[in-house]
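Below is one structure; the comments refer to it alone.
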Amino acid sequence: MIGALAAHGLALMTSGAAPETDTPSPTLRWVAEGDPREAYVDVEGWDAGAPEKWETVLTVHVVHEDLHTALRTPPMLGSYQTTKGGVRFIPQFGLQPGLRYRATLKTEGKPLVVRFDVPRERTTPITVVSHIYPSSNVLPENLLKFYLHFSAPMSRGDVYDHIHLTDAEGKEVELPFLEIDEELWSPEMRRLTLFIDPGRIKRGVKPLEDLGPSLQAGSEYTLTIDANWLDAEGLPLKEAYQKTFRVGSPDRDPPNPTQWVIAPPKANTRDPLSITFPEPMEAALAKRLIRVAHVVGDVRLHDDERRWVLEPKDPWSPGEYKVMVPAIIEDLAGNNIGKRFEVDIFEKIDDPTTKPTVVSIPFRIGD
Amino acid sequence: MRNLSFLSLAACLACQVTLFPAKATDWTSGMTEGKVTFQSMGPLAFGPEGILLVGDALSATVTAIATGDTEKAEGAKTIKVEAINVKLAGMLGVGADQILIDDLAVNPLSRKAYLAVSRGRGPEAKPILVRVGSEGMPEVVSLEKVKHAVAQLPDAPADDDSGRRNPRTESITDLAFFQDRVLIAGLANEEFASSFRAIPFPFKNIEGGTTVEIFHGAHGRFETRSPVRTFVPFTIGEEPHLLAAYTCTPLVQFPVKSLKPGAQIKGKTIAELGNRNRPLDMIVYQKDGKDYLLLANNNRGIMKIDASQIAGAGSIEDRVRGTGGVTYNTIDSWEGIRQLDQLDDAQALVLRATSEDSQNLESLALP
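Each protein sequence line maps, in turn, to chains A and B. Everything in the first sequence is counted per my numbering, starting at 1 for the first residue and increasing by one. Everything in the second sequence is counted per my numbering, starting at 1001 for the first residue and increasing by one.
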């Protein structure tokens, strides 16, 4: 009902003193002129003169069922604007869908109280985990990260409570992930980066000795995302999500672009260019960073991130091209071009300034 | 906190830290007056003369705000705000589950607490700066017309031309002011790389990040790219150093002068404080003529470290079983600490979880 009224841009839930008196009485009402989150409170027929502070007369609170919380809840912040017949309270911040608000006006008699429910746009959960990268069902023992993709923006705070890694017997792996208070979200909050704790990957290390690796070669694991994780609208996921995968041997070899196979398209077509890797590459970095110099188009990854495909905006002209590959791209174990993820203390570390930061791979499109 | 203990450090003869250069500096030079907007509000730290530094990971900026809150506090005062998250929720018109207090910093001049509050948990969440004095009433700090300067961090990801926002962000994990520089620790959500930056203040030019390489005793390897969780400046001999706590949980020192753009520096691991643990905040203070470090952790409580051990501490270069290096006492009575800063010479200010859905802001006598 509230939603319908709001849609008509009309006043909502009015309260006034008993009609049998002759003296005009103040009325109190919520007004929503469209978006109910921007509703405000109007007092009309106020003839007692403006008080020194309207805050002492008119207050708005979030309504809580729990008395303990209700007692500790101060009035909302907002501005008081005097109007011809009274005052208007405009909340400083928009109202939250799903909550009930209460406006209270002190009068000479009983205070006037008007409540306002802000409807939710939807009440049925529809958000799902849309994909988890890496896509492959076989992952290296020293896998560095997962990306969790969601179909709609999610909410942050305590995300690690909703993510579980279990072995083939259903036993939960203890603290497998690097838990970061900031939570590594994309700006739209539809992708969460989940690093596996490097202490559980590297060889001969204390956490690895105590707890074992997060992932053990030869075993099967399931990554479960709980349905009770709330999306940005405060609703749970439509369903839990599971990715089951087998773990293969660790990958300690840096990616080597000289082993990549480039399939050049025909000239004067908009055929895709494809590059096939001998191993899956880390999805986000491969998609964002690998480029063909001076060619604009859409990049997609296929075959469990083993193949990078560019669909050009314009037809290919015959000539020489270069695939540009920043050295910071990673394979699934976090190895970069020319640099293993794990660097042994006794190994000489090259001067980083002498390393190429971008590797270029030439190819030709014939006439 | 992500703030320094200016008072105790400035007075500290043993470690002879100079937080601000002796020459007079116009710290607000280059600032303009106007509205400041944030996409996100991450770590907070105070510089000189009530200048608040605010990290914004989503817009890849650090903003310096001249708060004008420069009146020196007299005498010792306590702060206690019970269920501050519930109170803030009421004031901001949302449910308490929609309030996240992302950081806390005390203005060393006025001894007022500043909180980075997120109203909401999704991508539309509104970052709000809140101030709390000893009277215990939280107030929203208006950012409509303030003197400020913004530093854009280098290598900030550019949005591509598809109209989609670049999913890469770099979280700011800690922030501090030291002498005439703003120090920033960061962690990216795609390539596994943490950075440490030193930006001259007042903001002029932004230097690139420095890769910090540490020997992680418990892991028995170099952790070349582990994220710095929290850090404090600390002078050893006459040389300014940073003490940085890493996830699971080495304490590492490295000289401030080594923070140069593009440099790869090697830190010295002086303590291994145990795994399955995440450091949260760190302060340096003085009590009975001695210097101490206080480190708040998510799993291993509050650790108090006698700082006189640090100057002579050996470098941990062998694998450590359990803990090692400089020793600490655990302060058992401080439970549920989420945020920590120093309030005055004798008190800390903490954000403390008292139940699953309630947090207190309270001052505690330094142990």
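Virtual Cβ for every residue (Gly too), placed ideally from N, Cα, C. Just so we're clear, the structure is a prediction, and the values are computed from it rather than from any experiment.
Under DSSP, residue 127 of chain A shares a beta bridge with no residue.
Between residue 1303 of chain B and chain A, the shortest Cβ-Cβ separation is not below 8 Å. Taken atom to atom, the span from the alpha-carbon of residue 314 of chain A to that of residue 296 of chain A is near 8 Å.
Cβ-Cβ separation between residue 1131 of chain B and residue 1094 of chain B: approximately 19 Å, too far for a contact (criterion under 8 Å). Contact annotation: in the stretch 85-119 of chain A, residues whose CB is within less than 7 Å of a CB in chain B are 91, 93, 95, 96, 99. Annotated as distal: residue 1051 of chain B and residue 1349 of chain B, with beta-carbon spacing of 8 Å or more. Per DSSP, the unbroken beta strand (DSSP E) holding residue 1053 of chain B starts and ends at 1051-1056. Of the other Cβ atoms in all chains shown, fewer than 16 fall within 10 Å of the Cβ of residue 1329 of chain B; this residue is therefore exposed.
Contact with chain B is found for residue 73 of chain A, since one of that chain's Cβ atoms lies less than 8 Å from the residue's Cβ.
Taking 8 Å as the cut-off, the Cβ atoms of residue 361 of chain A and residue 264 of chain A do not count as close. Using a Cβ-Cβ cut-off of 8 Å, residue 305 of chain A does not count as an interface residue toward chain B, since no Cβ of chain B sits closer than that to its own. Checking the DSSP bridge columns, you'll see residue 40 of chain A partnered with A:31. As DSSP reads the structure, residue 1352 of chain B sits in a beta bridge with B:1337, B:1360. For residue 289 of chain A, the uninterrupted alpha helix (DSSP H) run begins and ends at 283-289, by DSSP.
The beta carbon of residue 64 of chain A sits closer than 8 Å to those of 70, 73, all from its chain and outside the five residues before and after it, given in chain order. For the stretch 1170-1197 of chain B, residues whose beta-carbon sits nearer than 9 Å to a beta-carbon of chain A comprise 1171, 1172, 1173, 1187, 1188, 1189, 1190, 1191, 1192, 1193. Apart from the 5 residues on each side of it in sequence, residue 121 of chain A has no Cβ closer than 6 Å to any other Cβ in its chain. Within 7 Å of the CB of residue 1098 of chain B, the CB atoms of chain A belong to 96, in sequence order along the chain. By the Cβ neighbour-count rule, residue 270 of chain A is exposed, with fewer than 16 other Cβ atoms within 10 Å of its own. As the crow flies, the alpha-carbon of residue 1276 of chain B is around 7 Å from that of residue 175 of chain A. Under a 10 Å Cβ-count criterion, residue 138 of chain A is classified as exposed, with fewer than 16 other Cβ atoms of the shown protein chains found around its own Cβ. In this structure, residue 226 of chain A keeps its C-beta atom at 8 Å or more from the C-beta atom of residue 155 of chain A. Along the stretch 57-121 of chain A, the alpha helix (DSSP H) occurs as fully enclosed runs of 4 or more residues at 67-72, listed in sequence order. Every unbroken stretch of the beta strand (DSSP E) spanning 3 or more residues and falling wholly within the stretch 1050-1121 of chain B is given here in chain order: 1051-1056, 1061-1066, 1099-1106, 1113-1119. Proximity to residue 1327 of chain B across B:1170, B:1333, B:1292, B:1344 peaks at B:1292, based on C-alpha coordinates.
Secondary structure of residue 132 of chain A (DSSP, three-state): strand.
A distance below 8 Å separates the beta carbons of residue 1103 of chain B and residue 1339 of chain B. Nearest CB-CB separation between residue 1083 of chain B and chain A: below the 8 Å threshold. If you draw a straight line from the Cα of residue 1057 of chain B to the Cα of residue 106 of chain A, it comes to about 45 Å.
Within the stretch 1286-1320 of chain B, the runs of beta strand (DSSP E) that reach at least 3 residues and sit entirely inside it are, in chain order, 1290-1297, 1302-1306. Annotation for residue 97 of chain A: 118, 120 place their beta carbon closer than 6 Å to its own, counting only its chain and skipping 5 residues before and after. With the rule of 3 Cβ pairs closer than 8 Å, the stretch 130-137 of chain A does not count as touching the stretch 108-115 of chain A. The Cβ of residue 324 of chain A sits no closer than 8 Å to any Cβ of chain B. In this structure, residue 193 of chain A lies near residue 1190 of chain B, with their beta-carbon atoms less than 8 Å apart.
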